[in-house]
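Here the structure comes first, spelled out in structure tokens, and everything after it is commentary.
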Amino acid sequence: MFGTVIHAPGDIRLEERPDAALTAPTDAVVRLAATCICGSDLWPYRGIESVDEPRPMGHEYAGVVEQVGADVRDIKVGDFVVGSFATSDNTCEICRAGYQSHCVHREFMGTAQAELTRVPHADGTLVATPGQPDPDLVPHLLAASDVLGTGWYAADAAQAGPGRTVAVVGDGAVGLLGILSAKQMGAERIIAMSRHADRQKLAIEFGASDIVTERGEEGVARVKELTGGLGAHSVIEAVGTQESMMQAIRSTRAGGHVGYVGVAHGVSLPGEELFFSGTHLHGGPAPVRKYLPHLIDLIWRREIEPGKVFDLTLPLAEVAEGYKAMDERRAVKVLLQP
Ligand SMILES: [Zn+2]
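If you read the sequence shown in my numbering, its first letter stands for residue 393, the second for the next number, and so on.
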């Protein structure tokens, strides 16, 4: 099979690799209908995360089950499935509490920008769609695998809902789908923080009511101005930098909630400011598996179109160009067709 390998920052190659195969009786092998490049894949690509040796890439996936291990009961060969970037048994105490991304048997997917991928704990990780999807549904289902699930978790962790004003820091795919999620949860007002015209347009399409183009302290001041000086009830942080995290915390009113899902790089929080902020902080890797049945249902009934975040589609063979396009901000998110 062909699969994506990163050799060094900026050096992405599609290579011939051994076919994905079952290694445990709870595994499945999935033939990808589509996969994509994540904002977090840019961390090693940009050298912010080290690349010590060549390694495969990709953790977002949707496709057809090709093989299942002897202990897989619920998932069948031929099922069209969507799975989370974090695998889970879906039975341990942590999973049952709704934190499948912290499952005691968790593994992080990392080989999905390929023709085939192995999925550990198939029954607890994968969710089958009601049937084979129409081709136009595939990008939306793929989005559920990470970016939609993560945006949904951020909105949930920030307690978006009726009567709430939600501010969203970050206008990448996760931030944009945080807007869609907050809208689905009934948020009254959604403030998108974005300075890119094309992303603002999608933010409004997904349900944003206000756009704030200022960043940092000016952005915080603008959110306060829009919320009677108090700050937002719910703030989604979808970047992962010191600046974005502080922008999120400072944009939140006392008693409000920050849902942070941008993978933190070099973030350190000032204790004294946190102490006096009176805000709730919750986030981390999203328990996408918890939300997948609901998200698949919304997509299947054509109530949401999260796949609109894919603004560039390339054949898997052009994966290197896909990384380049996202790195240079020519694309919000790249879908790859094996
Ligand atoms: Zn578990």
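Positions of the beta carbon are idealized from the N, C-alpha and C atoms, including for glycine.
Report task. Flag Cys-428 as yes when its Cβ comes closer than 6 Å to any non-hydrogen atom of ligand 1, and as no otherwise. Result -> no
Query raised in the report: What residues sit near ligand 1, counting only those whose C-beta is closer than 5 Å to one of its heavy atoms, in chain order?
Result: Ser-480, Asp-481, Cys-484, Cys-487 and Cys-495
Report task. May I ask you to report which of helix, strand or coil DSSP gives Asp-602? Result -> strand
Query raised in the report: Closest by CA to Phe-472, which one among Asp-463, Ala-712 and Ile-688?
Result: Ile-688
Requested in this report: Find the nearest neighbour of Gly-502 within the set Ile-429, Lys-468 and Ala-416, judged by alpha-carbon distance.
Outcome: Ile-429
Query raised in the report: Hey, out of Gly-450, Pro-446 and Arg-423, whose CA is closest to Ser-432's CA?
Result: Gly-450
Requested in this report: Keeping to the same chain, check which residues put their C-beta closer than 7 Å to that of Ala-559; ignore five residues upstream and five downstream.
Outcome: Ile-583, Met-585, Val-615, Ala-624, Val-627 and Ser-643
Query - Test item: CB-CB of Val-701 and Leu-572 under 7 Å - result: no
Query - For Gly-648 and Leu-622, the rounded distance between their alpha carbons - result: 10 Å
Requested in this report: Count the other CB atoms, across all protein chains shown, that sit within 10 Å of the CB of Phe-668; report buried if there are 16 or more and exposed otherwise.
Outcome: exposed
Report task. Mark His-686 as exposed unless 16 or more other C-beta atoms lie within 10 angstroms of its C-beta, in which case mark it buried. Result -> exposed
Report task. Report the rounded CA-to-CA distance for Glu-635 versus Thr-479, giving the unit in angstroms. Result -> 31 Å
Query raised in the report: Beta-carbon separation of Gly-699 and Ala-535 under 7 Å?
Result: yes
Requested in this report: State buried or exposed for His-532, treating a residue as buried only when at least 16 other CB atoms are found within 10 Å of its CB.
Outcome: buried
Query - At least three beta-carbon pairs within less than 8 Å, the region 703-720 to the region 494-501 - result: no
Query raised in the report: Taking C-alpha atoms, which residue in Gly-402, Gly-553 and Val-519 lies nearest to Val-443?
Result: Gly-402
Query raised in the report: How far does the beta strand (DSSP E) with His-672 in it reach, from first residue to last?
Result: 672-675
Query raised in the report: What do you get for Arg-488, buried or exposed, if any count of 16 or more other CB atoms within 10 angstroms of its CB means buried?
Result: exposed
Query raised in the report: Taking the C-alpha atoms as reference points, what is the distance between Leu-684 and Pro-662?
Result: 35 Å
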